[in-house]
Each structure stands twice: as C-alpha cells, then as structure tokens.
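Using this note's numbering, the first residue of the sequence shown is number 0, and each one after it goes up by one. Yeah, the Cβ is synthetic: ideal placement off N, Cα and C, and Gly gets one too. Report on the structure given below.
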Amino acid sequence: MKIVVTSILVDDQAKALAFYHYVLGFEPKHDIPMGRHRWLTLTSPNDPNGVELLLEPDAHPAAKAYKAALKQDGIPATSFGVRDIQAEYTRLCAAGVQFTQPPTAMGPVTVAVFDDTCGNLIQIAQKH
0 MKIVVTSILV DDQAKALAFY HYVLGFEPKH DIPMGRHRWL TLTSPNDPNG VELLLEPDAH
60 PAAKAYKAAL KQDGIPATSF GVRDIQAEYT RLCAAGVQFT QPPTAMGPVT VAVFDDTCGN
120 LIQIAQKH
C-alpha cells in the first residue's frame, strides 16, 4: 500500500492553484471539472508520477472550523520536504510569502511555517 493522493483543504481552488503552482513550484497534474468544483491535483516537479496533492474545496461545513482551529493554534495542515530550507525561505520571502515561523532547528530537522493564502499554515522541513 502507498499514498497516491493527499489533500489540503482550500477556500478557493483557483487562488490555491496559482499559489501552489507559481509560488511554491508544484506542477499541475489533473484539472477535471466536478460540478461547482474541480479535481485539481499537483505533483512535485522532481516526481511527476509521484504523490498528488489534491486542492480540496473546503465546502464541507466542518472544514472551515477545522482549518480555522488548526491555524489559530499554529498547527500546519501539512509539511513539505525541502533540500535547503534557508534557500527556500529566502526565495519564498522574496515572492511575498508570509512566514509565521522562520527556519528553526528542532533536533534532526529545521522547519519553517508559512501562510498559504488559502486558509492554511504549511510547514517546510529539511532533515539534517
């Protein structure tokens, strides 16, 4: 068994696609109309046949409260691995990304947390 799709709840799929593609650098994989919403996935540019990130609409009544509670408590919705966290932090800051936590060493990893503009905090992590 393996993970093939994982999702992140977003408040606006078009805005999320722009952020995750043009700012973070993920590549669009599927964009299939599904009524009011879309089956909208992206992959890592280094692994186009790998795990897909689904930009899931937060239309379910529980989704908005769940996202707000996580964000209020400073809990990231997900974590992405990076090779050079300082370089990514610098690149994303230059692109206007708002960080809630700069790169911080935490034992065997260094992590940073930013706002994805779609209702979530996202962590990036570099293993040492």
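In this structure, DSSP gives residue 25 a state outside helix and strand, which the three-state scheme calls coil.
Proximity to residue 76 across 9, 2 and 36 peaks at 9, based on C-alpha coordinates.
The DSSP assignment places complete beta strand (DSSP E) segments of no fewer than 3 residues inside the stretch 31-103 at 36-42, 51-56 and 77-80, in order along the chain. Close CB contacts of residue 11 within its chain, under the 8 Å cut and outside five residues either way in sequence, are with 117 (chain order). No Cβ-Cβ contact shorter than 8 Å links residue 42 with residue 55.
Secondary structure note for residue 14: its alpha helix (DSSP H) is the uninterrupted segment 12-17. Inter-residue distance for residue 84 and residue 44 is about 17 Å (C-alpha atoms, whole angstroms). Residue range 120-126 is occupied by the beta strand (DSSP E) that includes residue 126. Within the same chain, Cβ atoms closer than 7 Å to the Cβ of residue 115 are found at 18 and 121, the five residues on either side in sequence being excluded. Cβ neighbours of residue 80 within its own chain (closer than 8 Å, five residues either side excluded): 123, 124, 125 and 126.
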